[in-house]
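Asks: Quick one: the structure is below, and I'll ask about it shortly.
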Amino acid sequence: MRHALLFALITLGCSARVQKPALDAAFANDEMRAETFEATLRALDEHPQYVDELFQATLSHPVTLDRFLRATGRELERDEFARFTAERLVAEPKGLKRTLIAVLDEASDDPPALKAASEAMAERAQVSAIVVVQSDASIRGNLRALLQEALKNPEARKSFLKGVAENADAMARLIAPNPDVMAALLKAFGRVGVDKAKGEIEAAAKALE
109 MRHALLFALI
119 TLGCSARVQK
129 PALDAAFAND
139 EMRAETFEAT
149 LRALDEHPQY
159 VDELFQATLS
169 HPVTLDRFLR
179 ATGRELERDE
189 FARFTAERLV
199 AEPKGLKRTL
209 IAVLDEASDD
219 PPALKAASEA
229 MAERAQVSAI
239 VVVQSDASIR
249 GNLRALLQEA
259 LKNPEARKSF
269 LKGVAENADA
279 MARLIAPNPD
289 VMAALLKAFG
299 RVGVDKAKGE
309 IEAAAKALE
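First residue of the sequence shown: 109, per the numbering used here; consecutive thereafter.
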């Protein structure tokens, strides 16, 4: 700590241009670097408003910001830190929305990232569904997109159809009280041609008359 205090006294009042050589010399020494960081962090703990100023200053230093965020990304593998971060992000809904959109955009053509996102949704399927049903646009948009992906992806189509079969009762309870929806489905079956299920479709159509 004495090294950090001495360093602070030496650099106090100096311009950034003059301070840089002194900082370089201090950071070259492992012990002094660690003490300087610790002293700085303790001062920031005592004056949280300085953290906001430091953050704003860091935005003008992309190299440092990139390194810091990459280190943050690696540390997020630790559940405790991930929850610590998520709690603060959730407290800022506008930032949360922009972050989720950006993450989806960045992950869209990155297989490992897509796999990670898919696994997260599978581990929290109920919460994922709760998110989707928060708005009409989300429900209809996600259903439309899901069907489009299932149509063009054979493996996804197999899983989708298994899911439909496994949840047939729930789907029936949802659709049966809505004859307009049932009629729309039957018309759609007729348009695409379902020879194997022709008898079942005709029987269902008569039952609705």
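Glycine included, each C-beta is placed from N, C-alpha and C at the ideal position. Every value quoted in this text rests on a predicted model; they were computed, and no experiment measured them.
From what residue to what residue does the alpha helix (DSSP H) around glutamine 157 run?
Replies: The count along the sequence shown starts at 1 and reaches residue 157 at position 49. Taken as a continuous stretch (DSSP letters only), the alpha helix (DSSP H) holding glutamine 157 covers 156–166.
Asks: Excluding sequence positions up to five away, which residues of its chain have a Cβ less than 7 Å from the Cβ of valine 241?
Replies: As a working mapping, residue 241 is identified with position 133 in the sequence shown. Around valine 241: Ile247.
Asks: Please state whether DSSP places glycine 298 in a helix, a strand or coil.
Replies: Here residue 298 corresponds to residue number 190 of the sequence shown, with the count starting at 1. In this structure, glycine 298 counts as helix in the three-state DSSP scheme.
Asks: Which first and last residues belong to the alpha helix (DSSP H) in which proline 220 is found?
Replies: As a working note, residue 220 is residue 112 in the sequence shown. Per DSSP, proline 220 belongs to the alpha helix (DSSP H) from 219–231.
Asks: So leucine 173 and threonine 166 are supposed to be a Cβ contact under 8 Å. How far apart are they, rounded?
Replies: Counting from one through the sequence shown, the residue named residue 173 turns up at place 65. Counting from one through the sequence shown, the residue named residue 166 turns up at place 58. Confirmed, about 5 Å.
Asks: Return the first residue and the last residue of the alpha helix (DSSP H) that proline 170 is part of.
Replies: Here residue 170 is taken as the residue at index 62 of the sequence shown, counted from 1. Per DSSP, proline 170 belongs to the alpha helix (DSSP H) from 170–183.
Asks: Taking all protein chains shown into account, decide if glutamate 143 is buried (16 or more other Cβ within 10 angstroms of its Cβ) or exposed.
Replies: One-based indexing of the sequence shown puts residue 143 at position 35. Per the 10 Å Cβ criterion, buried.
Asks: Below 9 Å between beta carbons: does that hold for alanine 233 and leucine 212?
Replies: Numbered from its first residue, the sequence shown carries residue 233 at position 125. Numbered from its first residue, the sequence shown carries residue 212 at position 104. No; because the gap between Cβ atoms is not below 9 Å, this pair is not in contact.
Asks: If I follow the unbroken alpha helix (DSSP H) through glutamine 256, where does it start and stop?
Replies: Locating residue 256 in the sequence shown gives position 148, counting from the first residue. 244–260 is the span of the alpha helix (DSSP H), which, as asked, contains glutamine 256.
Asks: Could you check how far apart the C-beta atoms of alanine 296 and methionine 290 are, in whole angstroms? I think they sit under 8 Å.
Replies: In the sequence shown, residue 296 corresponds to position 188, counting from 1. In the sequence shown, residue 290 corresponds to position 182, counting from 1. Not really, about 11 Å apart at Cβ, beyond 8 Å.
Asks: For histidine 134, does the count of other Cβ atoms within 10 angstroms reach 16, so buried, or fall short, so exposed?
Replies: Residue numbering aside, residue 134 sits at position 26 when the sequence shown is read from its first letter. For clarity, residue 134 is alanine in the given sequence; the question names histidine instead. Flag for alanine 134 reads buried.
Asks: So what's serine 267 in DSSP terms, helix, strand or just coil?
Replies: If you number the sequence shown from 1, residue 267 lands on position 159. Serine 267: helix per DSSP, three-state reduction.
Asks: Counting only the same chain and skipping the five closest in sequence on each side, list residues whose C-beta sits under 7 Å from that of histidine 155.
Replies: Translated into the one-based positions of the sequence shown, residue 155 becomes position 47. The answer is none, since no qualifying residue turns up.
Asks: Considering arginine 196, what are the terminal residues of the alpha helix (DSSP H) in which it resides?
Replies: Translated into the one-based positions of the sequence shown, residue 196 becomes position 88. Segment 187–198, the alpha helix (DSSP H) holding arginine 196.
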